[in-house]
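Read through the structure below, which is laid out as C-alpha cells, and then see the notes.
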Amino acid sequence: MSEVRVRFAPSPTGYLHVGNARTAILNWLFARHSGGKMILRIEDTDAERSTVEFEQTLLQDLAWLGVDWDEGPDKGGNFGPYRQSERLGIYQKYAHQLLETGKAFHCYCTKEEIEARGKAALARREDPHYDGHCYYLTEEHVEQYKKEGRKPVIRFRVHPGEISFSDLVRKNVQFDGSHISDFVILRSDSTATYNFAVVIDDALMKISHVIRGEDHLSNTPKQVLLFKAFGFDVPVFVHIPMILGEDRAKLSKRHGDNQVRDYREKGYLPEAMFNFLSLLGWSSPSGEELLSRQRFIEEFDFSRLSKSAAIFNSEKLDWMNGWYLRNSDIDYILDLGLPFLKKSGFDISDREAIKKCVRAVIERIDRLEQLPDWCRLIYAGEIKYDNEEIVFNEGSQKVFIRFLSEIENISQWDKDAFLQVVKTVQKETGIKGRFLWMPIRIALTGKEHGPELPVIVELLGLENCRKLIKKALKKQG
RNA sequence: GGUCCGUUCGUCUAGCCAGGUCAGGACGCCAGGUUUUCAUCCUGGUAACACGGGUUCAAAUCCCGUACGGACUACCA
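Per the working numbering, residue 9 is the first one in the first sequence, and the count goes up by one each step.
As C-alpha cells, then:
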C-alpha cells in the first residue's frame, strides 16, 4: 500500500471553526496513526474573502490544539506551493488540457442569463441545469461575444451515467451524471473554482485519503469525474458527520461561540478541546472517554466513525474541561491561568502564592475564566458578607471572641495550627458543626461557599485573619 | 423542486457489517455517602432502538416504504 497522505484544507476567511477543527483533528489522528503525512493547504482562491491575517490565526489555532503538519505554506515540502493562490498557473494548464481533449468548453453566458434560463427550467419542472447553450458556438458567435466584451469561463461537461465512489463511512455512494450540471472549473478571471482546484491539488499532492465534512459529499461526484478525466488515481473518501448546534441546525454564527479561539479565551484547555472534539463522531473500543492524545492515535480507526450528525454539547465539554483542570500538572494550569488573573487586575508576581490559591480553587471551576472570581475571596480586601445574620448572631460572636484570643499569642500559623485553634474554640464555647465553621468562613471570605477553610486560612496569613475576625466583631452594636 | 446522506436515553455514543444479552457506557438530572458548607470524589437511580410493512423460530441489527432532519443543487469553499 502506498504512503498515507492526508490534508486539511481550510479557507482563510475567518477564525478556525470547531467543525473544521474536528476535521483537522481526525485527519491528524489518521496520519499519526498510520505513520503517514499531514498536509496543510490553504484554499484561498476566493480572493474577496481570504486574508493573510486569517491564515495566521488558523495556523495558531491548529498549533494550540496540538495539531501539527508535515508539509504546508510555512513549512514547505516537495508538493508545493501549499497556497492555492500561488497555484493559479497550474490550474490554468490543467483546465486547458481538458479544453483540448474536448472534456471542457468555453462558455460565454452571463450569470444573469444562466439564472434566467435556470428559473425557466424550474418553471417547466425540469432540473435548472446548464442547458448546453455554448456547446457548439460558431466562430461568428464567439467573435460577437468577444466584441461585447464577454470573458468566457471554462465549464466541465458532465455526461449522464453512473458515478460511484467508495466512502469509508457511507460505504458505496452512487450518483447519476444526469443530475449534475456542467460546472465551471475556471472563472472568467482565469482563477480556479473550488471543485477544480481541490482535485488538481489532491492529485498532484498525492493525497491518499480525503477526510472532510459531510457537506462535501454532494460535491464528490463532480470531483470523481475530474479525477477520471485526467486519469488520476481517485483517493479514498471519508465524509465525517456534521456538528450541529443545540437547535439541530448546522453550527453557525447564530449559535454564538463556535470558534476555537472563543473557547481558548474562556479558559478551556487544548487537551479538553481535543478530547471532546475527537469524541464527536468517534468512540474508543474501550468505551472510555477521557483519553490521552497517545491513546487516540493508537486506537484511531475509520470503522468507528459515526454516520450521523452530532450536537455540540457544551455541558459535557465543561465537565471534561474540569477534569483536565484537576488532573493536569499544577504548573501547567498555572501558566495557562495566570493571564486570566492578570487581566482581572491580580498581582501575579508571587507565583508560589498564586499557585497555592489556584490549587485551592481548581476543584470548583471548570473554566479558567472563573479563576479570578474564586481567587478573589482568598485575598483579604473589602469583604461583603453574603449572610450578615450568621456573622452577627450571638453564638458567632462568641466564637470570634474566643478565636481571637486563641490566636493572640500564636507564632506558628498553618493548617494544623488553625485546626487546633478551632478545636479549642469548640471546647471552650461548646459551639460546633456548621455553627462553628460557617461564621468563621463568612468572616474570612464573606461567602458561604468556598474551598477548604484551612487552605484559605493559610493563604490569608495570620495578620489578615486577625484583621478579618476583628472586623466581624467590631460591626456589632 | 431534484439528487445524495442520515435517524438508539434530553445530549455524546456502544451494539448493526457476520440477526438470538433485562439494549451497555459517558454528560446532565435525581437520591444517598464523604466533607464544617458548596464543589470535588464514591455509590445507586432516571431515561432510547422515529413510524409502518415485510424476511425469519427470532430484528435495534437484513429488505421495502413513510415521516422527520441535514447537505448539495454558485464564476463560495
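Glycine included, each C-beta is placed from N, C-alpha and C at the ideal position. Remember, predicted model here, so these are calculated numbers, not experimental data.
Rounded C-alpha distance that separates residue i from residue j
i: E148; j: A131; result: 32 Å
i: F87; j: T59; result: 23 Å
i: G353; j: A361; result: 16 Å
i: M250; j: L176; result: 16 Å
i: L234; j: A205; result: 10 Å
i: E489; j: V12; result: With the chain running from 9 to 485 in the structure shown, residue 489 is simply not present.
i: F310; j: S316; result: 14 Å
i: P168; j: H187; result: 8 Å
i: E471; j: F348; result: 28 Å
i: R49; j: L225; result: 20 Å
i: F62; j: G22; result: 6 Å
i: L385; j: F443; result: 21 Å
i: L24; j: L259; result: 13 Å
i: V14; j: S216; result: 6 Å
i: V232; j: F238; result: 10 Å
i: L66; j: P229; result: 29 Å
i: S314; j: E123; result: 38 Å
i: T146; j: N28; result: 46 Å
i: F240; j: R334; result: 51 Å
i: G485; j: D343; result: Any reading at G485 must be qualified, since the residue scores a pLDDT of 46, below 50, and its modelled position is unreliable; the value itself is stated next. Distance between the alpha carbons of G485 and D343 is about 46 Å.
i: K440; j: Q434; result: 6 Å
i: P20; j: R269; result: 14 Å
i: Y116; j: S172; result: 31 Å
Endpoints, the beta strand (DSSP E) within which residue i is located
i: A112; result: 112-115
i: I248; result: 244-248
Minimum C-alpha distance to residue i - residue among the options
i: L212; options: E121, D197, E436, V242; result: V242
i: A71; options: F282, N203, R178; result: F282
i: E222; options: V26, T228, W290, I248; result: I248
i: E377; options: I341, V399, K179; result: I341
i: R375; options: I356, E323, N401, V430; result: E323
i: E279; options: N395, G74, Q68; result: G74
i: D355; options: P380, S336, R334; result: P380
i: E94; options: I171, A200, E108; result: A200
i: T53; options: S198, E79, T109, A129; result: S198
i: P487; options: I477, D422, L476, I450; result: The structure shown does not extend to residue 487, since the chain is modelled only from 9 through 485, so no value can be given for it.
i: P136; options: N227, Y143, A128; result: A128
DSSP three-state assignment for residue i, whether helix, strand or coil
i: F320; result: coil
i: K431; result: helix
i: F16; result: strand
i: H41; result: helix
i: H25; result: strand
i: F183; result: strand
i: A257; result: coil
i: E371; result: helix
i: W421; result: coil
i: V166; result: coil
i: H137; result: coil
i: F87; result: coil
i: I188; result: coil
i: E79; result: strand
i: R303; result: helix
i: G485; result: Its pLDDT being 46, under 50, G485 is placed unreliably by the model, and the measurement read from it follows with that caveat. Three-state result, G485: coil.
i: D52; result: coil
i: I439; result: coil
i: I477; result: helix
i: M446; result: helix
i: I356; result: coil
Endpoints, the alpha helix (DSSP H) within which residue i is located
i: Q231; result: 228-238
i: F308; result: Per DSSP, F308 belongs to no alpha helix (DSSP H) and is neither H nor E.
i: G338; result: The amino acid occupying residue 338 in the given sequence is Ile; Gly does not appear at that position. Looking at the DSSP string, the run of the alpha helix (DSSP H) that includes I338 is 338-351.
i: I415; result: 402-415
i: L96; result: 96-108
i: V465; result: 461-468
i: H217; result: H217 -> not in any alpha helix (DSSP H); beta strand (DSSP E) instead, spanning 217-221.
i: D394; result: Looking at the DSSP string, D394 is not in any alpha helix (DSSP H), and its letter there is neither H nor E.
i: A128; result: 119-131
i: V177; result: Premise fails: V177 is in no alpha helix (DSSP H) and is neither H nor E.
i: K315; result: First-last for K315: undefined, no H or E at that position.
i: M281; result: 278-286
i: P380; result: 379-384
i: E296; result: Where E296 is concerned, there is no enclosing alpha helix (DSSP H), given that its DSSP letter is neither H nor E.
Contact test: residue i Cβ vs the ligand MG heavy atom, cutoff 6 Å
i: Q182; result: Looking at this structure, you won't find the ligand MG or any other ligand, since it has none at all.
- Query: Does the region 292-310 touch the region 98-117, meaning 3 or more C-beta pairs lie closer than 8 Å?
  - Reply: no
- Stretch pair the region 363-382 + the region 463-481: three plus CB contacts closer than 8 Å: yes
- Count the CB pairs spanning the region 266-281 and the region 321-334 that are closer than 8 Å, and state whether there are at least three. yes
- So does the region 418-425 actually touch the region 403-410, counting three or more Cβ pairs closer than 8 Å? no
- Query: Contact between the region 148-168 and the region 186-201: three or more CB pairs below 8 Å?
  - Reply: yes
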